[in-house]
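Novice: Numbering (our numbering), first residue to last: 58 to 267. Virtual Cβ for every residue (Gly too), placed ideally from N, Cα, C. Keep in mind it's a predicted model, so treat the numbers as computed, not measured. Before anything else, here's the structure in question.
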Amino acid sequence: VQTGKCVNFSDSARTCEVFAWCPVETDSEPPNPAVLANAENFTVLIKNSIQYPKFSFGRRNILPDVNTSYLRNCIFDRKRDPHCPIFRLGDIVSEANEDFQSMAGGVMGIHIRWDCDLDMPESWCVPKYTFRRLDNKDPDNNVAPGYNFSVVPTLLNIGAGLALLGLVNVVCDWVVLTFMKKSNLYKEQKYSYVDDYALVSTSHQFHLFL
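And the structure:
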């Protein structure tokens with residue numbers, strides 16, 4: 058969305074100003090170090106819950122004894138505060154054994170495991186968090202549709218297609234011979250009968266001169 062203002066783009070050029078996040082995205086290679094270096098201090102609140110209707114049991118990752126003042130100040134830490142639902146981005150990346158400053162973009166997975174014994178007290182049922190990186194850190198080996206060719210799936214698809222074509226032929230013959238009004242006519246055209254007297258025994262002699 059343009060603001061209607063013409064601002065300096067460089068010493069020799071001017072451009073239309075737009076409403077956007079700063080800095081705006083460019084097509085150049087990502088800078089090193091990252092422009093938003095302090096983004097690793099950003100936090101994210103995760104809400105998760107489980108339900109076992111058959112046992113009338115339910116739990117949330119925000120535990121019942123948690124209050125507002127606690128949520129304002131807590132940050133997840135595996136040793137000091139493992140039940141806080143607020144995660145620092147830098148900690149998520151470091152838990153996955155990655156370096157935030159060198160990533161310059163990535164996809165992180167957060168796995169929440171509820172391993173609860175319902176015979177034990179309800180307070181023992183708490184979530185456990187694990188983190189891992191989902192994307193390929195090697196940009197030259199990323200999954201991209203279009204040119205990733207594999208021989209085995211191709212052969213399987215070809216074989217399945219040929220088998221399907223053969224099955225279609227059998228099904229069509231069965232439908233025509235069973236349900237069509239002129240099935241006898243189709244049967245006469247499809248099958249040819251050879252009389253026994255038409256078979257003639259012949260023999261040939263060949264001579265090979267060396």
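Give the secondary structure of residue 157 by DSSP, where H, G and I count as helix, E and B as strand, and everything else as coil.
Specialist: Looking at residue 157 - three-state DSSP - the assignment turns out to be helix.
Novice: So, using beta-carbon positions, are residue 149 and residue 132 closer together than 8 Å?
Specialist: No, the Cβ-Cβ distance between residue 149 and residue 132 is not below 8 Å.
Novice: Let me check one thing: in DSSP terms, what residues is residue 144 bridge-paired to?
Specialist: Residue 144 pairs with 101.
Novice: From what residue to what residue does the alpha helix (DSSP H) around residue 75 run?
Specialist: Segment 71 to 75 is the beta strand (DSSP E) holding residue 75; no alpha helix (DSSP H) there.
Novice: Is the region 59 to 75 touching the region 106 to 120 in the sense that three or more CB pairs, one from each, lie closer than 8 Å?
Specialist: No contact exists between the region 106 to 120 and the region 59 to 75.
Novice: Since residue 108 sits in a beta bridge, which residues does DSSP pair it with?
Specialist: According to DSSP, which records beta bridges pairwise, residue 108 is partnered with 115.
Novice: Could you tell me which residues DSSP puts in a beta bridge with residue 59?
Specialist: DSSP output for residue 59 lists 75 as bridge partner(s).
Novice: Residue 95 and residue 105 look like a contact to me (Cβ under 8 Å); what is the Cβ gap, rounded to whole Å?
Specialist: That belief does not hold up - the Cβ atoms of residue 95 and residue 105 are roughly 27 Å apart, past 8 Å.
Novice: Since residue 97 contacts residue 147 with CB under 8 Å, what's their CB separation in whole angstroms?
Specialist: Right, the Cβ-Cβ distance comes to about 3 Å (below 8 Å), so this counts as a contact.
Novice: Just the C-alpha distance for residue 260 and residue 213, rounded to the nearest angstrom, thanks.
Specialist: Confidence at residue 260 is low in this model, with a pLDDT of 46, below 50, so the placement of that residue should be treated as unreliable; the coordinate-derived value is given next. One C-alpha to the other measures close to 47 Å.
Novice: Name the two residues that bound the continuous alpha helix (DSSP H) containing residue 244.
Specialist: Counting along the chain, the alpha helix (DSSP H) containing residue 244 begins and ends at 240 to 247.
Novice: In its own chain, which residues sit with a C-beta less than 7 Å from the C-beta of residue 73, not counting the 5 before and 5 after it?
Specialist: Excluding positions up to five away in sequence, the list reads 59 and 63.
Novice: Report buried or exposed for residue 184, applying the criterion of at least 16 other Cβ atoms within 10 angstroms of its Cβ.
Specialist: Its Cβ being crowded by 16 or more others within 10 Å, residue 184 is buried.
Novice: Rounded to whole angstroms, what's the CA-CA distance from residue 130 to residue 151? Just pull it up for me.
Specialist: Cα to Cα, the separation comes out at about 21 Å.
Novice: Can you check DSSP and say which residues form a bridge with residue 192?
Specialist: BP columns for residue 192 are empty, so no partner.
Novice: I think residue 145 touches residue 100, with their Cβ atoms under 8 Å apart; what is that distance to the nearest whole Å?
Specialist: Right, their Cβ atoms sit about 5 Å apart.
Novice: Please report how far the alpha carbon of residue 218 lies from the alpha carbon of residue 230, in whole angstroms.
Specialist: Their backbone Cα atoms lie some 19 Å apart in a straight line.
Novice: Going by the CB atoms, is the gap between residue 164 and residue 128 shorter than 8 Å?
Specialist: Contact flag unset, no.
Novice: Excluding the 5 residues flanking residue 176 on each side, which residues of the same chain have their C-beta closer than 7 Å to its C-beta?
Specialist: Once the five neighbours on either side are set aside, residue 176 has no close Cβ partner at all.
Novice: Report the three-state DSSP secondary structure of residue 176 (helix, strand or coil).
Specialist: Three-state DSSP puts residue 176 in coil, outside helix and strand.
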